[in-house]
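Residue numbers (this note's numbering): 1062 to 1446.
Here the structure is laid out as structure tokens; the discussion comes afterwards.
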């Protein structure tokens, strides 16, 4: 059985900005979006000419602290007042392949971390395109350590639809099989806005999977995504630590799924490889069911299917599930052909293959279905020969 991890991440090194960013853009990009870690381990993030809030709120980098063998208890015992190093495999492909060997993962899709959180807010569209080129070039070289096992996911500069299409075509020509799109507002436009119609057309025509992958959004302004609101509520409740990463991803992604159900996106692009990543899977049937309910009550936006659940499960769709998600194990009749395991590596809540197998075994999932969950569905969906 080939195990495929459809939800793993890199933690972008300063090389993206200092080596891969075209020299003519380095001055403008430094004020548009820049990130670096100095010799003392202090992080600096600049966004649109101002210092941006960091995802890292303590000595623990929650997005890149897990290593193979670590248990939740060991993660919980990390001293937040002590600065802990980034997981080497988040930036070094050789270390990444070693970690995959230890985890029992044969192939892994690679998603951004810093570019997922901050990049959508870049205001200068030309700088955004240059940054996307730099990131994609760096990621392509990262995956060059083993092109079969490391599957890069291209970043698109959604700030300007024309630039997004041109970067998609450049990436597809190079060999990228998937593209990252965060379910967030870009310059006041959600990803299903009509200005992006050509982008969706090209994704479908080029057979590049559209990976809808959220970010916590805890550093972002309100009204761009759910994360800032979640953190404001948590702050008022004196929770004491970030919780957006636990709640906001499914809120943002369910908003996207509901929006495309109401606007007929899945019917307009029937061959588009729609991929929902890093938000869990349990909520998908519920979101589709509620969309159906309200479409029957109010479907006046345009002529769309009143049964979006049937549309979703009968088209090329894929949704990642976490190792601990019991609904996927309990409902193989629903998820059997569309769910694919994702680890979240190297986030603090990384799940393992063993944990996923144990969850599936507990509910007696047939071995053939286990094979599809852990690799088969992903191999088919992304055409990983």
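C-beta: ideal position from N, C-alpha, C; glycine also.
All figures in this text were calculated on a predicted structure; none of them were measured in a lab.
Look up residue 1069 in the DSSP assignment and say whether it is helix, strand or coil. The sequence position of residue 1069 within the chain shown is 8, counting from 1. DSSP places residue 1069 in strand when its eight states are reduced to three.
One or two residues paired with residue 1168 in a DSSP bridge: Taking the chain shown and counting its residues from 1, one reaches residue 1168 at position 107. Beta-bridge partners assigned by DSSP to residue 1168: 1065.
Which residues DSSP lists as bridging residue 1151, in chain order: Locating residue 1151 in the chain shown gives position 90, counting from the first residue. BP columns for residue 1151 are empty, so no partner.
The beta strand (DSSP E) with residue 1211 in it runs from where to where? The sequence position of residue 1211 within the chain shown is 150, counting from 1. Taken as a continuous stretch (DSSP letters only), the beta strand (DSSP E) holding residue 1211 covers 1211-1216.
Express the C-alpha separation of residue 1090 and residue 1352 in angstroms, rounding to a whole number. Against the chain shown, residue 1352 aligns to sequence position 291. Against the chain shown, residue 1090 aligns to sequence position 29. Using only the alpha carbons, I get a separation of about 41 Å.
Within 10 angstroms of the Cβ of residue 1088, are there 16 or more other Cβ atoms? Answer buried if so, exposed if not. Here residue 1088 refers to the residue found at position 27 of the chain shown. Exposed.
According to DSSP, is residue 1201 helix, strand or coil? On the chain shown, residue 1201 is found 140 positions in, with the first residue counted as 1. In this structure, residue 1201 counts as helix in the three-state DSSP scheme.
Here's the rule: buried if 16 or more other CB atoms are within 10 angstroms of the residue's CB, otherwise exposed. What is residue 1213? Position 152 of the chain shown holds residue 1213. Residue 1213 comes out buried.
So, for residue 1151: in the same chain, excluding its five sequence neighbours on each side, which residues have a beta-carbon less than 6 Å away from its beta-carbon? Taking the chain shown and counting its residues from 1, the one referred to as residue 1151 is at position 90. The beta carbon of residue 1151 sits closer than 6 Å to those of 1071, 1072, 1125, 1407, all from its chain and outside the five residues before and after it, given in chain order.
The beta strand (DSSP E) that contains residue 1347, what's its start and end? Mapped onto the chain shown, residue 1347 falls at position 286. No beta strand (DSSP E) contains residue 1347, which is instead part of the alpha helix (DSSP H) from 1345-1358.
Could you check whether residue 1192 and residue 1183 sit closer than 8 Å to each other, using their CB atoms as the reference points? The residue given as residue 1183 occupies position 122 in the chain shown. The residue given as residue 1192 occupies position 131 in the chain shown. Less than 8 Å separates the beta-carbon of residue 1183 from that of residue 1192.
Taking all protein chains shown into account, decide if residue 1274 is buried (16 or more other Cβ within 10 angstroms of its Cβ) or exposed. For the purposes of this step, residue 1274 is taken as the residue at position 213 of the chain shown. Answer is buried; the Cβ neighbour count reaches 16.
Given this structure, state the Cα-to-Cα distance separating residue 1208 from residue 1293, to the nearest angstrom. Against the chain shown, residue 1208 aligns to sequence position 147. Against the chain shown, residue 1293 aligns to sequence position 232. Each residue's Cα considered, the two are about 42 Å apart.
Going by DSSP, which residues form a beta bridge with residue 1418? As a first step, residue 1418 is located in the chain shown; it is residue number 357 there, counting from the start. Beta-bridge pairing links residue 1418 to no other residue.
Can you list, in chain order, the stretches of the beta strand (DSSP E) that have 3 or more residues and sit fully within the segment 1252-1319? As for any beta strand (DSSP E) of minimum length 3 sitting wholly inside the segment 1252-1319, the runs are 1270-1273, ordered along the chain.
Along the alpha helix (DSSP H) that carries residue 1326, what are the first and last residues, could you check? Here residue 1326 is taken as the residue at index 265 of the chain shown, counted from 1. Residues 1326-1329.
What is the rounded straight-line gap between the Cα of residue 1257 and the Cα of residue 1421? In the chain shown, residue 1257 corresponds to position 196, counting from 1. In the chain shown, residue 1421 corresponds to position 360, counting from 1. Residue 1257 and residue 1421 have their C-alpha atoms some 39 Å from each other.
So, residue 1300 versus residue 1168, is the Cβ gap smaller than 8 Å? Taking the chain shown and counting its residues from 1, one reaches residue 1300 at position 239. Taking the chain shown and counting its residues from 1, one reaches residue 1168 at position 107. Not a contact, by the Cβ cut-off of 8 Å.
Report buried or exposed for residue 1142, applying the criterion of at least 16 other Cβ atoms within 10 angstroms of its Cβ. On the chain shown, position 81 is the one that residue 1142 refers to. In summary, residue 1142 is exposed, with fewer than 16 beta-carbon neighbours lying within 10 Å of its beta-carbon over all protein chains present.
Let's test the definition: count the other Cβ atoms within 10 Å of the Cβ of residue 1402 and tell me whether it reaches 16, buried, or not, exposed. To locate residue 1402, count along the chain shown from 1; it is residue 341. When all chains shown are included, residue 1402 counts as buried.
Quick check on the burial criterion: 16 or more other C-beta atoms within 10 angstroms. Buried or exposed for residue 1468? For the chain, the structure presents residues 1062 to 1446; residue 1468 sits outside this window and is missing.
Which of helix, strand or coil does DSSP assign to residue 1139? Position 78 of the chain shown, counted from the start, is the residue given in the question as residue 1139. Residue 1139: coil per DSSP, three-state reduction.
Residue 1343 and residue 1253 look like a contact to me (Cβ under 8 Å); what is the Cβ gap, rounded to whole Å? Against the chain shown, residue 1343 aligns to sequence position 282. Against the chain shown, residue 1253 aligns to sequence position 192. The Cβ separation is near 23 Å, so there is no contact.
Residues near residue 1086 by beta carbon distance below 7 Å, same chain, minus five either side: For the purposes of this step, residue 1086 is taken as residue 25 along the chain shown, with counting starting at 1. Closer than 7 Å at Cβ, skipping near neighbours: 1188, 1191.
Leaving aside the five residues before and after residue 1210 along the sequence, list all residues of the same chain whose C-beta is less than 8 Å from its C-beta, in chain order. As a first step, residue 1210 must be located in the chain shown, where it is residue number 149. Correct list, in chain order: 1158, 1161, 1167, 1168, 1169.
Per DSSP, the bridge partner or partners of residue 1321: If you number the chain shown from 1, residue 1321 lands on position 260. Residue pairing for residue 1321: DSSP places it in no beta bridge.
Using alpha carbons as the reference points, say which of 1387, 1205, 1445 lies closest to residue 1418. Here the question's residue 1418 lines up with position 357 in the chain shown. For residue 1418, the closest C-alpha among the options 1387, 1205, 1445 is that of 1387.
Return the Cβ separation of residue 1233 and residue 1272 in integer angstroms, given the expectation that the two are a contact with Cβ distance under 8 Å. Here residue 1233 corresponds to residue number 172 of the chain shown, with the count starting at 1. Here residue 1272 corresponds to residue number 211 of the chain shown, with the count starting at 1. Their Cβ separation, rounded to whole angstroms, is 14 Å, which puts residue 1233 and residue 1272 out of contact at 8 Å.
Can you tell me whether residue 1242 is buried or exposed? The criterion is at least 16 other CB atoms within 10 Å of its CB, across all chains shown. By 1-based counting over the chain shown, the position of residue 1242 is 181. In this structure residue 1242 is buried. Its beta-carbon is surrounded by 16 or more other beta-carbon atoms within 10 angstroms.
Give, in chain order, every unbroken run of the alpha helix (DSSP H) that is at least 4 residues long and sits entirely within the segment 1082-1114. Complete alpha helix (DSSP H) runs here, min 4: 1087-1093.
With DSSP as the reference, label residue 1078 as helix, strand or coil. Counting from one through the chain shown, the residue named residue 1078 turns up at place 17. In the structure shown, residue 1078 sits in a helix (DSSP, three-state: H, G or I).
Contacts around residue 1185, its chain only, beta-carbon distance under 6 Å, and the 5 residues preceding and following it disregarded: Looking up residue 1185 in the chain shown gives position 124. Cβ neighbours of residue 1185 beyond the five flanking positions: 1093.
Have a look at 1280, 1259, 1238 and flag the residue whose alpha-carbon is nearest the alpha-carbon of residue 1443. In the chain shown, counting from the first residue as 1, residue 1443 sits at position 382. It is 1238.
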